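Per our numbering, the sequence shown runs over residues 1 to 183.
Where is the CB? At the ideal position from N, CA and C, for every residue including glycine.
Quick caveat, the model's predicted, so the values are computed rather than measured.
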Amino acid sequence: MRRLLSAFSLVLPSAAFAQDYLSPERFAALTVGNALCYSLQADGSCGWVELYDGDPGPQITLHLATILPSGDIAVIAQEATWVGDAMCIRDGDFGIFGLDFAAPPYFRFDLQGLVPQPPEAVQAIIDELAPSIAPKTCFRFAPDPARPGGYVQHIFADGTRRDGEDAITLAPLSQGSVLLAGP
């Protein structure tokens with residue numbers, strides 16, 4: 001699940017993929033008034049959304065919201081660390097420190113209506129994600145040359161860029177919430 005972000009030490013991705021990656025300061029300026037909507041659907045819903053604290057780092061906090069197969073919204077609280085222009089997750093627990101549920105289908109940017117889950121539920125989500133997340137995973141963000149005003153997320157594991165990228169659309173925090181697409 002490439003949605004998860006937190007902190008650890010790593011070797012930075014190769015310069016062979018030189019691109020206009022956002023610096024922590026540019027990323028913070030972007031996220032101070034916007035959530036990041038991934039996998040925008042035709043109906044305006046997001047496959048998942050990330051809400052950041054707007055701090056340029058090096059340590060940042062985010063909330064990732066997605067709809068579970070059960071139909072509930074899971075809101076995962078995480079910590080991430082900037083290493084250069086890469087946002088990295090630490091191995092092991094992926095920086096996850098909280099899990100809340102919310103009523104579907106809207107994720108509210110003010111985080112109201114969340115139901116905290118116990119520590120065993122947090123550990124269960126970590127255990128569930130562990131097989132799908134490569135060691136030393138980092139993310140870099142860049143303007144999308146194909147979509148003016150859009151952005152893309154590039155994924156690196158162990159310093160190597162992975163195939164594919166995730167398209168990001170900005171969801172202004174002033175709209176109050178975002179509709180999440182079902183699994």
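Residues near residue i by beta carbon distance below 6 Å, same chain, minus five either side
i: residue 126; result: 93 and 96
i: residue 181; result: 41, 45 and 47
Residue environment, residue i, which counts as buried when at least 16 other CB atoms sit within 10 Å
i: residue 65; result: buried
i: residue 69; result: exposed
i: residue 78; result: buried
i: residue 83; result: buried
i: residue 90; result: buried
Endpoints, the beta strand (DSSP E) within which residue i is located
i: residue 40; result: Careful: residue 40 lies outside any beta strand (DSSP E) and carries neither H nor E.
i: residue 179; result: 177-179
i: residue 108; result: 106-108
Residues bridged to residue i (per DSSP)
i: residue 100; result: 75 and 116
i: residue 172; result: 34
i: residue 91; result: Its beta-bridge partners do not exist; DSSP assigns none.
i: residue 166; result: 153
Contacting residues, own chain, Cβ-Cβ under 8 Å from residue i (five flanking each side not counted)
i: residue 165; result: 152, 153, 154 and 155
i: residue 20; result: 142 and 143
Taking only runs of the beta strand (DSSP E) that begin and end inside the stretch 110-164, which ones reach a length of at least 3 residues, in chain order? 137-143 and 151-157
Taking the runs of the beta strand (DSSP E) that are 3 residues or longer, which of them lie wholly in the stretch 19-74? The beta strand (DSSP E) runs of length 3 or more contained entirely in the stretch 19-74 are, from start to end of the chain, 34-38, 48-52 and 59-67.
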